[in-house]
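Undergrad: The working numbering puts the first residue of the first sequence at 21, with every later residue one more than the last.
We put the beta carbon where it would ideally sit given N, CA and C, even for glycine.
Computed from a predicted model, the values in this text were never measured in an experiment.
First, the structure itself, so that you have it in front of you.
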Amino acid sequence: MANRVRVRLAPSPTGPLHVGRARTALFNWLFARHNGGVFVLRIEDTDRQRSTEANLVSILDSLRWLGLDWDEGPDIGGPYGPYFQMQRLETYRQAAERLLANGAAYKCYCSVPELEAMRQEAKAAKVAFRYPGRCLRLTREQIAQFEAEGRRPVIRFIVPKEGTTTFRDMIHGDITVNNSELDDLVIVKSDGIPTYNFAAVIDDTTMEMTHVIRGDDHIANTPKQIHVYRALGYTPPEFGHLPMILGLDRAKLSSRHGAAAVTDFAAMGYLPEAMMNYLALLGWSYDDKREFFSREELIKYFDISRVGKTGAAFSMQKLEWMNGAYVRGLSPDALVVRALPFLQEAGLVSASPPPSELAYVRQVMPLVHERLKRLAEVAELTDFFFKEQLEYDGALLVGKGMTADQSRLALEAAQAAVASVDVFNVPSLEAAIRPQAERLGLSTGQLFGTIRVAVTGRTVAPPLFETMAVLGRERCARRIQQALTKLPSGIPR
RNA sequence: GGCGCAUUCGUCUAGAGGCCUAGGACACCUCCCUUUCAAGGAGGAGACCAUCGGUUCGAAUCCGAUAUGCGCUACCA
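The following block contains the structure:
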């Protein structure tokens, strides 16, 4: 490759980072890293109404969280800066002047209401609206008249009305449109700020982008932009249009589907490496078998020619499954480190836990390790290890096919075992309790179930003896004692 | 309405003319393991490859039309 690959992500800070854009970011980043190229971040902040600093910060955080890094960008600068469009206004102004000077663009004084009226007319007549070029050839007098009225002109770009425009898309192949379909687009708004289709062309050229990889909602914009490139004497980059990410209902993915911003996924306890892996599979595949890839493997194997053309529905279920697999793959220590913030968030562990508390967490975590799918679930799964007081319905102590009396006997047996066992560990607890089932005429499931409820306050929990061993003798004794008082009086259920 | 893009199990996908009576994964069902829940193991069901027509000895793969979905049609990006 003669020229070093340069690609970019150009987010607009009008909201948090959406997973669709995160996937676009990922593919650009993978393309750059795979080819030893440069990945740059440019902020398209020309939408003055909706752009905020907070959104920018959030977007950068989300990108970093995902594990992406950039070589040039708003926070680190670079040789092609500035990386905010609002700081590049002079560049756009000069380009617009050039187009005006060589007759490729013209000032248009039509007001928004006037334009809207024209659109309505076109719609009523059932014909496609094309800007009629009313301001294309204004006389000096007319211009003076408009200026006197205080009208601020926009700058419109003249697109050729004859012929066709074709470009080769890296993933769709050749795409052709009739120029007669294209409209004279406004490139500079009346406040002097350039529109997307203009600013992007100039930035991509001056920043020397070799490839523009973006969502396929931009396919229709591309021919227009190509004309702008040509009018400016620029050579367009290569284009690659990625399929969209949809919700399971095939509608655009939004918070209605549960989550759409990457911050949402982080908060729910998805691992960034799982997120990256899953996102990579949305629209790209390696072969017909393999679907787990580390960050390095993705870089190594990513090939834009293996990106599909069809919109992909985002499956929360599959993400969850994949996340669970990644969680299970964590070392015990890594799991503690990752889960701790969620335990603290839930108020189960103190903000700066002393060694003893940390040691306890380290004992608890292995018991839920393979049951965890999302880190945020850790609180729900382990709270009884940390809470002093258990809240539950005493009726749960009486299992299926049992009488309250049998439950009482079971609890008393457990109480005796807890008190008498020499060493409070799994083997001795099991040796002392398991035989009781037969003696009491209960199945082990019934016996253990009753004790489980007593000790954890729930019917679903990690294996009983391991749980008890971690809880410790005192806590178990206290909880069994309490369970005895919660037992429903008499009467089988 | 016009134009563009897309169309393989519910979902993500493999498939680049014969290897496909279409393979894998998630979800689903059954069984095994088992102390509940997970995890794991073994099976199963699930796609007439949107439809119709054409090219070809042969098509999921090539061509055309139709249908459907999505996108663009902004002084938003």
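Tell me whether Phe-47 is buried or exposed, calling it buried when 16 or more other Cβ atoms sit within 10 Å of its Cβ.
TA: By the 10 Å Cβ count, Phe-47 comes out buried.
Undergrad: Per DSSP, Pro-214 forms a beta bridge with which residues?
TA: Pro-214 pairs with Val-208.
Undergrad: Mind listing, in chain order, the continuous beta strand (DSSP E) runs of no fewer than 3 residues lying wholly within the stretch 159–208?
TA: Counting whole runs of 3 or more residues, the stretch 159–208 contains the beta strand (DSSP E) stretches 174–177, 184–189, 193–198, 206–208.
Undergrad: Quick one: which unbroken alpha helix (DSSP H) runs of 4-plus residues sit fully inside the stretch 348–405? Chain order, please.
TA: As far as the stretch 348–405 is concerned, its whole alpha helix (DSSP H) runs of at least 4 residues are 352–365, 375–388.
Undergrad: Residue range of the alpha helix (DSSP H) that Lys-528 falls in?
TA: Lying before the first or after the last residue shown, residue 528 is absent from the chain, which here runs from 21 to 513.
Undergrad: Taking Val-27 as part of the beta strand (DSSP E), name the residues at either end of that continuous run.
TA: Val-27 -> beta strand (DSSP E) spans 26–29.
Undergrad: From which residue to which residue does the beta strand (DSSP E) around Glu-258 run?
TA: Glu-258 -> beta strand (DSSP E) spans 258–262.
Undergrad: According to DSSP, Leu-266 sits in a beta bridge with which residue or residues?
TA: Lys-272, Ala-333, per the DSSP bridge assignment.
Undergrad: Start and end of the beta strand (DSSP E) containing Ala-424?
TA: No beta strand (DSSP E) contains Ala-424, which is instead part of the alpha helix (DSSP H) from 424–440.
Undergrad: For my contact list, Tyr-126 and Ile-178 are in at a C-beta cut-off of 8 angstroms; report their separation, rounded to the angstrom.
TA: Going by Cβ atoms, the distance from Tyr-126 to Ile-178 rounds to 7 angstroms, so yes, they are a contact pair.
Undergrad: With a CB to CB cut of under 8 angstroms and the five nearest residues on each side skipped, what residues in its chain are close to Asn-217?
TA: If we look at Asn-217 and ignore the five residues flanking it on each side, its Cβ neighbours are Leu-205, Ile-207, Asn-241, Lys-244, Gln-245, Val-248.
Undergrad: Would Ala-437 and Ala-452 qualify as a contact pair, given that the criterion is a beta-carbon distance under 8 angstroms?
TA: In contact: Ala-437 and Ala-452 (Cβ atoms closer than 8 angstroms).
Undergrad: Per the contact definition of three or more C-beta pairs closer than 8 angstroms, is the stretch 352–361 in contact with the stretch 314–324?
TA: The answer is no - the stretch 352–361 does not touch the stretch 314–324, with fewer than three Cβ pairs under 8 angstroms.
Undergrad: The alpha helix (DSSP H) spanning Ile-2 covers which residue range?
TA: Outside the shown range of the chain, which is 21 to 513, sits residue 2, and nothing can be said about it.
Undergrad: In the DSSP assignment, find the beta strand (DSSP E) that holds Cys-128 and state where it starts and stops.
TA: 125–128 is the extent of the beta strand (DSSP E) around Cys-128.
Undergrad: What does a CB cutoff of less than 6 angstroms around Leu-401 pick up in its chain, not counting 5 residues either side in sequence?
TA: Taken in chain order, the residues that qualify are Val-388.
Undergrad: Are the CB atoms of His-231 and Glu-201 within a distance shorter than 8 angstroms?
TA: Not in contact: Glu-201 and His-231 (Cβ atoms no closer than 8 angstroms).
Undergrad: Go ahead and label Val-398 buried or exposed: buried means 16 or more other beta carbons lie within 10 angstroms of its beta carbon, across all protein chains shown.
TA: Flag for Val-398 reads buried.
Undergrad: Could you tell me whether the Cβ atoms of Leu-462 and Gln-426 are closer together than 8 angstroms?
TA: Yes; because the gap between Cβ atoms is below 8 angstroms, this pair is in contact.
Undergrad: Assuming Phe-404 contacts Arg-348 (C-beta within less than 8 angstroms), just tell me the rounded distance between them.
TA: Between Arg-348 and Phe-404 the Cβ distance is about 22 angstroms, and since that is not below 8 angstroms, they are no contact.
Undergrad: Grab me the residues of Lys-393's own chain with a C-beta within less than 8 angstroms of its C-beta, minus the 5 sequence neighbours each way, in chain order.
TA: Within the same chain, Lys-393 has close Cβ partners Glu-340, Trp-341, Asn-343, Gly-344, Val-347.
Undergrad: Counting C-beta neighbours from all protein chains within 10 Å, is the total for Gly-367 16 or more, i.e. buried, or is it exposed?
TA: Gly-367 should be labelled exposed.
Undergrad: Assign Pro-133 to buried or exposed, taking buried as 16 or more other Cβ atoms, counted over all protein chains shown, within 10 Å of its Cβ.
TA: So Pro-133 ends up on the exposed side.
Undergrad: Under 8 angstroms between the Cβ atoms of Tyr-129 and Pro-180?
TA: In this structure, Pro-180 does not lie closer than 8 angstroms to Tyr-129 by Cβ.
Undergrad: Provide the residue(s) that pair with Arg-234 in DSSP beta bridges, ordered along the chain.
TA: Paired residue(s): His-261.
Undergrad: Just checking my contact of Val-58 with Asp-89 at CB under 8 angstroms: how many whole Å lie between their CB atoms?
TA: Their Cβ separation, rounded to whole angstroms, is 11 angstroms, which puts Val-58 and Asp-89 out of contact at 8 angstroms.
Undergrad: Spell out the partners DSSP gives Phe-59 in its beta bridges.
TA: DSSP output for Phe-59 lists Val-27 as bridge partner(s).
Undergrad: Please confirm if the stretch 32–42 is in contact with the stretch 61–75, defined as three or more CB-CB distances below 8 angstroms between the two stretches.
TA: Segments in contact, yes.
Undergrad: Quick check on Leu-156: buried or exposed, where buried means 16 or more other Cβ atoms within 10 Å of its Cβ?
TA: Under this definition Leu-156 is an exposed residue.
Undergrad: Shortest alpha-carbon distance to Trp-49 belongs to which of Glu-64, Thr-66, Ala-30, Asp-65?
TA: Checked all of Glu-64, Thr-66, Ala-30, Asp-65; the closest Cα to Trp-49 is Ala-30.
Undergrad: Closer than 6 angstroms by C-beta to Gln-435: which residues in its own chain qualify, once you throw out the five before and the five after it? Chain order, please.
TA: Closer than 6 angstroms at the Cβ level, and outside the excluded window around Gln-435, lie Ile-500.
Undergrad: So Asp-236 packs on Pro-263, CB below 8 angstroms; how close in whole Å?
TA: So it is a contact: roughly 6 angstroms between Cβ atoms.
Undergrad: Any chance you could list the alpha helix (DSSP H) runs of at least 4 consecutive residues sitting entirely within the stretch 61–96, in chain order?
TA: 73–86, all fully within the stretch 61–96.
Undergrad: Determine the burial state of Ala-332: buried for a count of at least 16 other Cβ atoms within 10 Å of its Cβ, exposed for fewer.
TA: Per the 10 Å Cβ criterion, buried.
Undergrad: Could you give the DSSP three-state label for Glu-494: helix, strand or coil?
TA: Three-state DSSP puts Glu-494 in a helix.
Undergrad: What number of angstroms, rounded off, separates the C-alpha of Ala-371 from the C-alpha of Glu-228?
TA: C-alpha separation (whole angstroms): 48 angstroms.
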